[in-house]
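Everything on this sheet refers to the single structure shown next.
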Amino acid sequence: MRLDPMARRARALAVGLSIVFAVSCLAVLGYVKYVRVTEHLGSLRGHLHSMEAMAEGDLLSAAQEEDLSSLRQELVGTREDLAAIKAELGPTLTIARFFGWVPVIGGDLAAGQDLLDMGIGFATAGDALFEGLGPVLPLVAGQEDPPSGSGTMETVALATAEGQPHFQLARAEIERAQALREGLSAETLSPKVSGLVDRLDRYLPLLNTGVHALLVAPSLLGADEPRAYLLLAQNEQELRATGGFISSVALLRLSEGRIVELDFRDSYAVDDLSQPHPSAPQPLEEYMLAQIWLLRDATWYADFPSSAEVARELYHLDRGVLVDGVIAADLTAMQLLVGAMEPLELEGYEEEVTAANVVGLMQRYWASPTGEGQTGDWWIHRKDFMGDLLSAMMETLQSDISSIDLGRMGSALQRCLTEKHILIYMADPELSASVSKSGWDGGIRSTEGDYLMVVDSNMGFNKVNAAVRASVDYRVTLESQKASLGRLSVVYDNPSRVEVQQCVQEAAYPPTYQEMMEGCYWD
Numbered sequence: 053m054r055l056d057p058m059a060r061r062a063r064a065l066a067v068g069l070s071i072v073f074a075v076s077c078l079a080v081l082g083y084v085k086y087v088r089v090t091e092h093l094g095s096l097r098g099h100l101h102s103m104e105a106m107a108e109g110d111l112l113s114a115a116q117e118e119d120l121s122s123l124r125q126e127l128v129g130t131r132e133d134l135a136a137i138k139a140e141l142g143p144t145l146t147i148a149r150f151f152g153w154v155p156v157i158g159g160d161l162a163a164g165q166d167l168l169d170m171g172i173g174f175a176t177a178g179d180a181l182f183e184g185l186g187p188v189l190p191l192v193a194g195q196e197d198p199p200s201g202s203g204t205m206e207t208v209a210l211a212t213a214e215g216q217p218h219f220q221l222a223r224a225e226i227e228r229a230q231a232l233r234e235g236l237s238a239e240t241l242s243p244k245v246s247g248l249v250d251r252l253d254r255y256l257p258l259l260n261t262g263v264h265a266l267l268v269a270p271s272l273l274g275a276d277e278p279r280a281y282l283l284l285a286q287n288e289q290e291l292r293a294t295g296g297f298i299s300s301v302a303l304l305r306l307s308e309g310r311i312v313e314l315d316f317r318d319s320y321a322v323d324d325l326s327q328p329h330p331s332a333p334q335p336l337e338e339y340m341l342a343q344i345w346l347l348r349d350a351t352w353y354a355d356f357p358s359s360a361e362v363a364r365e366l367y368h369l370d371r372g373v374l375v376d377g378v379i380a381a382d383l384t385a386m387q388l389l390v391g392a393m394e395p396l397e398l399e400g401y402e403e404e405v406t407a408a409n410v411v412g413l414m415q416r417y418w419a420s421p422t423g424e425g426q427t428g429d430w431w432i433h434r435k436d437f438m439g440d441l442l443s444a445m446m447e448t449l450q451s452d453i454s455s456i457d458l459g460r461m462g463s464a465l466q467r468c469l470t471e472k473h474i475l476i477y478m479a480d481p482e483l484s485a486s487v488s489k490s491g492w493d494g495g496i497r498s499t500e501g502d503y504l505m506v507v508d509s510n511m512g513f514n515k516v517n518a519a520v521r522a523s524v525d526y527r528v529t530l531e532s533q534k535a536s537l538g539r540l541s542v543v544y545d546n547p548s549r550v551e552v553q554q555c556v557q558e559a560a561y562p563p564t565y566q567e568m569m570e571g572c573y574w575d
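225 is the number that our numbering gives to position 173 of the sequence shown; each next residue is one higher, with no gaps.
This is the structure in structure tokens:
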């Protein structure tokens, strides 16, 4: 049936009015959402600004110095604003992925949903960490004392054990958010958003290190069962494959976070030569005349788990103790950790110990007071300073943690573990897998492709690596029709101009550390 003209006009008018009404509703709804999103964006900027102001680039210091509840409120507010913005925008975020071509902000639009999900994930992880660390943070901030009869490390061991569900949630959120971050290209984002992502990237390594540390902390601190560790002091001034010659060792026993025993010894004082030792590796026998393999030379393999197993077995042979793990640290690690605790006062020493003077003090107290090398009393006590320093550091951790600069300590630990100044080996397979996953074990990984690794070991009876400057130049020539050609140049320069009468193939112990640094390789 055909409609008359009046009916058609009425119908068209009704349809037009319906469209206008729908568009008006959408416009009103869009305006309302715009207002809401704008409000949340303003609130979000405020939260981010407040956290930046609290932390001054260092959230760990903020946790120590600022009001903890305020910091957490800002973090929760950030998550709520991000979630609200995501809810308001809804399907718009999916459509926005196709608007990457828009000038200036196209990259932000295309990555909008991933950016929001990433921010929500990190904020959720941060809140979970606060929840899990609830009993510990007031102690760290110096606002409370440990429970009566307990030390700080005992409280930390218990709290980290109870907080595992929160730390596992934090790890899951961080891994999810990090996967989103890896899918983003900073070059496509606007300068303002790219700047926010860059700031996040600065915190990520420290955040990852912290979460992994919290996950393994209860077991490492002996919360579940007593643990015994062999601590190896590696001296990179006498370089070896995993970091340095083992100058000193310590047996550390922990139970529920409490230090049960700390026995520090010169590495030469550990050997029980009445026990049958394995033969030394052939190069040690050839160049250092080593007939048997002793603990001080255990860091022979570049793969630290392999060297740690050797050290563990040799210590068991010499001292009758089979440890649960081996932890190695070099002089750089010592400087960084002392820097977070400085100044340290050692009983019986006049100077306060700082990052700036700790290596110099070690070298000074190593020297023979009589000017004669390898006398009986000097030989026994030449490394006492290192043992006294280790005891002072452990005492600070146990009873005065609020005096530690947590921001500096967190950065120091992250750098030490990332740059392999601290290496950790655990005999327990599950703990070993966790440490390996974190990249803290110093293990050499298998790979499908070729790789080049330069490994140095000083077998010259000296500390000359303190002066030697080394450089590596590796160049690859790619040719389409031929095999690629790689050329490696390794250059060593010893600027020492001290004249040596004769380089002799033997262990020599001059009266000063400086003379050890100026020693020569025999030819």
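We put the beta carbon where it would ideally sit given N, CA and C, even for glycine.
Limits of the unbroken alpha helix (DSSP H) element including residue i
i, result
"Phe-174", "164-184"
"Asp-440", "436-451"
"Val-411", "410-418"
"Glu-313", "Glu-313 -> not in any alpha helix (DSSP H); beta strand (DSSP E) instead, spanning 310-318."
"Ile-476", "Per DSSP, Ile-476 belongs to no alpha helix (DSSP H); it is in the beta strand (DSSP E), 474-478."
"Ser-486", "481-490"
"Asp-370", "356-371"
"Ser-463", "458-470"
Inter-residue spacing [alpha-carbon to alpha-carbon] between residue i and residue j
i, j, result
"Val-84", "Gly-215", "In this prediction, Val-84 scores a pLDDT of 44, lower than 50, which makes its location untrustworthy; no coordinate-derived value is stated."
"Tyr-561", "Met-569", "11 angstroms"
"Gly-462", "Met-446", "16 angstroms"
"Tyr-353", "Leu-374", "20 angstroms"
"Gln-566", "Gln-415", "8 angstroms"
"Val-67", "Leu-167", "The predicted position of Val-67 is uncertain, since its pLDDT is 49 and thus under 50; a value taken from the coordinates is nonetheless stated next. Val-67 and Leu-167: Cα-Cα distance of roughly 40 angstroms."
"Val-188", "Gln-554", "59 angstroms"
"Ser-608", "Glu-277", "This structure does not reach residue 608, given that the chain is present from 53 up to 575, and the question cannot be answered."
"Pro-1", "Ile-157", "Since the first residue shown for the chain is 53 and the last is 575, residue 1 is missing from the structure and cannot be characterised."
"Glu-338", "His-368", "26 angstroms"
"Asp-318", "Ser-443", "15 angstroms"
"Gly-571", "Leu-389", "29 angstroms"
"Leu-258", "Trp-492", "14 angstroms"
"Leu-366", "Val-556", "29 angstroms"
"Ala-222", "Thr-207", "21 angstroms"
"Asp-480", "Asp-376", "7 angstroms"
"Ala-74", "Ala-139", "Note that Ala-74 has pLDDT 43, beneath the 50 cutoff, so the model's placement of it is unreliable and no number is given."
"Glu-227", "Val-245", "21 angstroms"
"Leu-283", "Arg-467", "19 angstroms"
"Glu-234", "Phe-174", "14 angstroms"
"Val-41", "Ala-224", "Lying before the first or after the last residue shown, residue 41 is absent from the chain, which here runs from 53 to 575."
Cβ neighbour criterion (16 or more within 10 Å) applied to residue i
i, result
"Phe-150", "exposed"
"Leu-81", "Any reading at Leu-81 must be qualified, since the residue scores a pLDDT of 40, below 50, and its modelled position is unreliable; no value is offered."
"Glu-482", "exposed"
"Leu-78", "Interpretation of Leu-78 is limited by its pLDDT of 40, a score under 50 that renders its predicted location unreliable; the figure taken from the coordinates is listed afterwards. It counts as exposed."
"Leu-304", "buried"
"Ser-486", "buried"
"Met-505", "exposed"
"Ala-211", "buried"
"Val-528", "exposed"
"Trp-153", "exposed"
"Asp-502", "exposed"
Among the options, the one whose alpha carbon lies nearest that of residue i
i, options, result
"Asn-510", "Pro-278, Leu-232, Val-128 and Gly-295", "Gly-295"
"Leu-346", "Gly-377, Ala-105, Phe-297 and Leu-389", "Phe-297"
"Gly-184", "Leu-441, Gln-220, Val-550 and Ala-321", "Gln-220"
"Gln-230", "Tyr-255, Ala-522, Leu-537 and Leu-123", "Tyr-255"
"Gly-391", "Leu-465, Ala-238 and Ile-147", "Leu-465"
"Trp-430", "Gln-165, Pro-563 and Gly-400", "Pro-563"
"Asp-349", "Gln-286, Arg-371 and Met-170", "Gln-286"
"Gly-186", "Arg-497, Ser-121, Asp-436 and Leu-449", "Ser-121"
"Leu-306", "Val-507, Asn-514, Gln-533 and Ala-209", "Ala-209"
"Asp-315", "Gly-439, Ala-419 and Glu-399", "Gly-439"
"Gly-309", "Cys-468, Asp-508 and Gly-203", "Gly-203"
Unbroken beta strand (DSSP E) run spanning residue i, endpoints
i, result
"Asn-260", "That residue, Asn-260, is in no beta strand (DSSP E); its alpha helix (DSSP H) goes 243-272."
"Thr-529", "521-529"
"Ile-344", "First-last for Ile-344: undefined, no H or E at that position."
"Ala-321", "Where Ala-321 is concerned, there is no enclosing beta strand (DSSP E), given that its DSSP letter is neither H nor E."
"Gln-286", "279-287"
"Val-550", "Taken as a continuous stretch (DSSP letters only), Val-550 belongs to no beta strand (DSSP E), as it is neither H nor E."
"Ile-379", "377-382"
"Asp-508", "Segment: none, Asp-508 is in no beta strand (DSSP E) and carries neither H nor E."
"Ala-302", "297-307"
"Val-208", "From DSSP, Val-208 is part of no beta strand (DSSP E) but of the alpha helix (DSSP H) over 204-214."
"Tyr-353", "Tyr-353 -> no beta strand (DSSP E), and no H or E assigned at all."
beta-carbon residue i near the ligand NAD non-hydrogen atom, thresh 8 angstroms
i, result
"Gln-327", "Within the structure as shown, the ligand NAD is missing, as the structure has no ligands at all."
Next item on the list: Would you check if there are 3 or more beta carbon pairs closer than 8 angstroms linking the stretch 372-385 to the stretch 332-339?
Entry: The answer is no - the stretch 332-339 does not touch the stretch 372-385, with fewer than three Cβ pairs under 8 angstroms.
Margin query: Can you confirm whether the stretch 544-559 touches the stretch 254-266 when touching is taken to mean that 3 or more C-beta pairs between the two stretches lie within less than 8 angstroms?
Written below: No: fewer than three Cβ pairs fall under 8 angstroms.
Note to self: When you compare the stretch 125-144 with the stretch 93-103, are there three or more beta-carbon pairs, one atom per stretch, that lie closer than 8 angstroms?
What the structure shows: Judged by Cβ distances under 8 angstroms, the stretch 125-144 makes contact with the stretch 93-103, as three or more pairs qualify.
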